[in-house]
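Undergrad: Have a look at the structure that comes next, please.
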Amino acid sequence: MRKIPGLRILVPVAASMLLAACITVAPTLKTTPSITSIGSERLALEVGVIVSEQVRSFNVAHEIPGACISGGIQFAPVSYGQQLQGTLQDRFSRLFERVAFVDPSADRDSFDAVFELGISDVGFRFGCMIAPQQYGTVTASLRAIDADGREMWRSATTKGRGDAPFVMAMDFNPIIGDAVSTAIGKIVDDWTREVGGLEEDRYAMGASPARRMVKNLGRKMKKSRRGFGRGKLKVQYPATPEQPDDIAVIIGNGDYGQFGADIPDVLPAYADMDAFAQYAIEGLGVREGNIIFMRDATGAQMVRVFGSERDAHGQLFDWVRPGRSRVYVYYSGHGAPGRTGSAYLVPSDADAARIELNGFPLSQLYANLSKLPAAHVTVVLEACFSGASQKGSVIGKSSGIYVRPKIPEVPANMTVISAGAADQVASWEQDNSNGLFTKYYLKALSGEADTGSYGNHDGHVALSEVNAYLKDTLTYFARRYYGRDQNPQIVIGGRAMF
Numbered sequence: 309m310r311k312i313p314g315l316r317i318l319v320p321v322a323a324s325m326l327l328a329a330c331i332t333v334a335p336t337l338k339t340t341p342s343i344t345s346i347g348s349e350r351l352a353l354e355v356g357v358i359v360s361e362q363v364r365s366f367n368v369a370h371e372i373p374g375a376c377i378s379g380g381i382q383f384a385p386v387s388y389g390q391q392l393q394g395t396l397q398d399r400f401s402r403l404f405e406r407v408a409f410v411d412p413s414a415d416r417d418s419f420d421a422v423f424e425l426g427i428s429d430v431g432f433r434f435g436c437m438i439a440p441q442q443y444g445t446v447t448a449s450l451r452a453i454d455a456d457g458r459e460m461w462r463s464a465t466t467k468g469r470g471d472a473p474f475v476m477a478m479d480f481n482p483i484i485g486d487a488v489s490t491a492i493g494k495i496v497d498d499w500t501r502e503v504g505g506l507e508e509d510r511y512a513m514g515a516s517p518a519r520r521m522v523k524n525l526g527r528k529m530k531k532s533r534r535g536f537g538r539g540k541l542k543v544q545y546p547a548t549p550e551q552p553d554d555i556a557v558i559i560g561n562g563d564y565g566q567f568g569a570d571i572p573d574v575l576p577a578y579a580d581m582d583a584f585a586q587y588a589i590e591g592l593g594v595r596e597g598n599i600i601f602m603r604d605a606t607g608a609q610m611v612r613v614f615g616s617e618r619d620a621h622g623q624l625f626d627w628v629r630p631g632r633s634r635v636y637v638y639y640s641g642h643g644a645p646g647r648t649g650s651a652y653l654v655p656s657d658a659d660a661a662r663i664e665l666n667g668f669p670l671s672q673l674y675a676n677l678s679k680l681p682a683a684h685v686t687v688v689l690e691a692c693f694s695g696a697s698q699k700g701s702v703i704g705k706s707s708g709i710y711v712r713p714k715i716p717e718v719p720a721n722m723t724v725i726s727a728g729a730a731d732q733v734a735s736w737e738q739d740n741s742n743g744l745f746t747k748y749y750l751k752a753l754s755g756e757a758d759t760g761s762y763g764n765h766d767g768h769v770a771l772s773e774v775n776a777y778l779k780d781t782l783t784y785f786a787r788r789y790y791g792r793d794q795n796p797q798i799v800i801g802g803r804a805m806f
């Protein structure tokens with residue numbers, strides 16, 4: 309029998325033409341290993357990835373025209389969008405500390421960085437004997453946006469390709485699935501490599517080291533007990549150069565029940581502490597290493613930092629660079645009067661019946677701070693000294709005994725800004741998320757006090773503008789929510805300014 313030349317070629321070509329004209333494929337997708345080298349240490353950022361329903365449900369593919377006779381291939385719906393999301397989650401979870409995939413309506417400001425994922429096309433090119441090259445492609449996008457949706461960065465990589473070997477097979481599903489999965493893996497690897505090589509400020513919102521430090525602080529402060537506020541102020545401060553000599557002491561005394569049960573907790577104290585830490589770094593330029601944090605500070609810890617009545621040389625004194633350091637002290641917690649009216653900060657281990665013995669005298673704080681060789685000292689007090697609080701009396705087992713607190717004079721080189729007058733209560737937000745004073749004081753310093761009728765719109769926030777802003781916000785809401793007066797006090801060098 310005589311052989312017909314070229315028959316071995318014509319038969320598979322005809323077969324491929326036949327297959328192209330009469331089959332429906334449903335590619336079998338698979339997990340692809342990363343080809344990107346990702347470091348062992350993840351970046352300490354909380355990342356949100358916005359995935360719309362259109363992207364998540366993307367399930368269409370098409371045949372890419374080629375040299376072979378084609379046009380009859382039908383693609384069944386397959387979850388390409390979910391495959392893209394899952395691959396990005398695998399890569400990003402090894403690059404960042406925490407990754408969450410969220411809807412477009414999610415609160416973007418709760419993340420350090422927000423990316424937006426897109427996908428627009430999936431295709432596969434079939435090969436044949438005369439043109440055996442076949443491959444899958446995916447067209448997708450990744451960009452970083454800020455809290456307002458403005459684009460900060462966009463990857464130039466928009467297409468991935470996965471090659472597939474040409475074989476004659478009756479089941480194309482795993483072949484196509486492998487190629488498309490590889491294409492998705494490659495584009496995601498390119499994105500991961502690109503993001504990993506960027507400076508964080510290219511895609512992370514705000515001053516990323518500060519945001520990262522504040523979030524790390526917040527994680528360390530999480531309480532197992534319920535009720536403590538974890539409010540996060542949505543504020544952004546004007547860019548401030550780092551001030552390497554400046555120092556901050558930030559105290560949040562919230563859990564008074566850990567050492568006893570006679571003093572009520574200060575529920576917003578930890579959230580207030582977090583918020584002021586963000587301001588210290590972003591708004592004041594204080595370095596993270598120059599901040600002394602004290603959560604639920606005991607009396608002994610306060611003496612260690614500020615010094616005692618006999619010796620003012622505490623930790624803070626040792627940190628100050630003479631004539632160069634500006635010092636900021638923030639306190640959120642209880643204040644209380646002694647029997648004679650002297651004002652005390654209330655440590656977390658204080659005995660309400662013996663404030664004179666185990667409280668930290670406000671006069672001692674001022675006196676020791678005045679002995680620092682600092683350029684200037686600013687004290688911010690989210691506390692009152694009336695003995696009353698939003699959760700009840702600080703003076704244990706009392707029957708309405710009222711002692712008018714005596715506030716010591718502010719030394720010459722010091723500015724003190726406090727939540728209210730001596731005999732007033734420091735009010736909280738209704739949901740306990742923040743102290744009213746801290747919330748609106750920090751919002752004022754973010755620039756809001758320079759706007760509207762409060763300010764002169766010159767781009768700088770003056771204390772007079774802060775005072776006007778607080779009276780219009782803090783004072784108003786304390787009266788509206790609770791029917792009580794709360795007038796913030798600003799005193800510079802012993803002289804009340806407002």
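Heads up: the sequence shown runs through residues 309 to 806, numbered per the numbering used here.
By construction, the Cβ of each residue, glycine as well, lies at the ideal position given by its N, Cα and C atoms.
1. How do the segment 548-560 and the segment 571-588 stand: do at least 3 beta-carbon pairs fall below 8 Å, yes or no?
2. Sorted by chain position, which residues of the same chain lie with C-beta nearer than 7 Å to D580's C-beta, five sequence neighbours on each side aside?
3. Is it true that the CB of S428 sits closer than 8 Å to the CB of A448?
4. Less than 8 Å between the beta carbons of Y388 and F366, yes or no?
5. Quick check on K679: buried or exposed, where buried means 16 or more other Cβ atoms within 10 Å of its Cβ?
6. Is there contact between the segment 398-416 and the segment 471-490, where contact requires at least three CB pairs shorter than 8 Å?
7. Once DSSP output is grouped into helix, strand and coil, what is the label at Y789?
8. Quick check: the Cα distance between V434 and G374, rounded to an integer number of angstroms?
9. In terms of residue numbering, what span does the beta strand (DSSP E) encompassing A421 cover?
10. Is the beta carbon of Y762 less than 8 Å from the beta carbon of P716?
11. Kindly give me the distance between the Cβ atoms of Y652 and L670, rounded to whole angstroms, as I take these residues to be in contact under 8 Å.
12. Could you check what DSSP says for R803 in three-state terms: helix, strand or coil?
13. Go to M513, then tell me how far its beta strand (DSSP E) extends in each direction, as first and last residue.
14. Can you tell me the Cβ-Cβ gap for P796 and L778, rounded? I've got them flagged as a contact below 8 Å.
15. Considering Cα atoms alone, identify which of V543, F480, P412 and E371 is closest to M513.
16. Which residue marks the beginning of the beta strand (DSSP E) containing P645, and which one marks its end?
17. Go ahead and pull the three-state DSSP assignment for F400.
18. Are there 16 or more other CB atoms within 10 angstroms of the CB of A421, so buried, or fewer, so exposed?
19. Grab me the residues of P552's own chain with a C-beta within less than 8 Å of its C-beta, minus the 5 sequence neighbours each way, in chain order.
20. CB-CB under 7 Å to F409, same chain, minus the five flanking residues each way: which ones, in chain order?
21. Using 8 Å as the threshold, is the C-beta distance between P655 and M610 below it?
22. With H, G and I counted as helix, E and B as strand and the rest as coil, what does DSSP make of Q794?
23. Please classify T332: does DSSP put it in a helix, a strand, or coil?
24. Could you tell me which whole beta strand (DSSP E) segments of length 3 or greater appear in the segment 706-753?
25. Tell me, to the nearest whole angstrom, how far the beta carbon of V488 is from that of G444; I am working on the premise that it is less than 8 Å.
26. Just to confirm, are A299 and G801 a CB contact at a threshold of 8 Å?
27. Using only CA atoms, which one of V446, A455, D454 and E459 lies nearest to T466?
28. Could you tell me the boundaries of the alpha helix (DSSP H) in which I254 lies?
29. Name the residue from E349, F480, G468 and I798 whose alpha carbon lies nearest to the alpha carbon of A384.
30. Just curious, the beta strand (DSSP E) that L450 is in, first and last residue?
31. For Q794, count neighbouring Cβ atoms within 10 angstroms of its own Cβ and tell me buried if that reaches 16, exposed if not.
32. Could you tell me the alpha carbon to alpha carbon distance between L272 and I663, rounded to whole angstroms?
33. Pull up the CB-CB distance for T340 and T490, whole angstroms please, since I reckon it's below 8 Å.
34. In chain order, what residues of the same chain have a beta carbon less than 6 Å from the beta carbon of Y636, not counting five sequence neighbours either side?
35. For I663, report the span of its alpha helix (DSSP H) as first-last.
36. In terms of residue numbering, what span does the alpha helix (DSSP H) encompassing Y578 cover?
TA: With the structure as the only source:
1. These segments touch.
2. Annotation for D580: G560, S640, E690, N742, G743 and T746 place their beta carbon closer than 7 Å to its own, counting only its chain and skipping 5 residues before and after.
3. Going by C-beta atoms, A448 is nearer than 8 Å to S428.
4. Contact: yes.
5. Result: exposed.
6. Too few Cβ pairs lie closer than 8 Å, so no.
7. Here DSSP, grouped into helix, strand and coil, assigns Y789 to helix.
8. The sequence shown places Phe at residue 434, rather than the Val named in the question. Cα-Cα distance, rounded: 7 Å.
9. Element bounds for A421: A421 to R433.
10. Their beta carbons are not under 8 Å apart, which means Y762 does not touch P716 by this criterion.
11. With a Cβ gap of about 6 Å, Y652 and L670 count as contacting.
12. It is a strand residue.
13. Annotation: M513 is outside any beta strand (DSSP E) and is labelled neither H nor E by DSSP.
14. Contact annotation, P796 with L778: C-beta distance approximately 5 Å; criterion of less than 8 Å satisfied.
15. Selected option, being the one with the closest Cα: V543.
16. Boundaries of the beta strand (DSSP E) around P645: G643 to P645.
17. DSSP places F400 in helix when its eight states are reduced to three.
18. Buried.
19. Close CB contacts of P552 within its chain, under the 8 Å cut and outside five residues either way in sequence, are with R595 and N598 (chain order).
20. So the qualifying residues of the chain are V357, V359, Q393 and Q397.
21. Contact flag set, yes.
22. If DSSP states are grouped into helix, strand and coil, Q794 belongs with coil.
23. Correct three-state label for T332: strand.
24. For the segment 706-753, whole beta strand (DSSP E) runs of length 3 or above, ordered along the chain, are 722-726.
25. Between V488 and G444 a beta carbon distance of about 4 Å is seen, short of the 8 Å cut, so the two are scored as contacting.
26. Residue 299 cannot be examined here, being either before or after the span of the chain that is shown, 309 to 806.
27. Residue V446 is the option with its Cα nearest to T466.
28. Outside the shown range of the chain (309 to 806) lies residue 254, about which nothing can therefore be said.
29. For the residues E349, F480, G468 and I798, the minimum Cα distance to A384 belongs to F480.
30. For L450, the enclosing beta strand (DSSP E) starts and ends at Q442 to I453.
31. Classification for Q794: buried.
32. The structure shown does not extend to residue 272, since the chain spans only 309 to 806, so no value can be given for it.
33. Yes, T340 and T490 are in contact; Cβ-Cβ is about 6 Å, under 8 Å.
34. Annotation for Y636: A556 and T686 place their beta carbon closer than 6 Å to its own, counting only its chain and skipping 5 residues before and after.
35. Unbroken alpha helix (DSSP H) run through I663: I663 to N666.
36. Element bounds for Y578: A577 to Q586.
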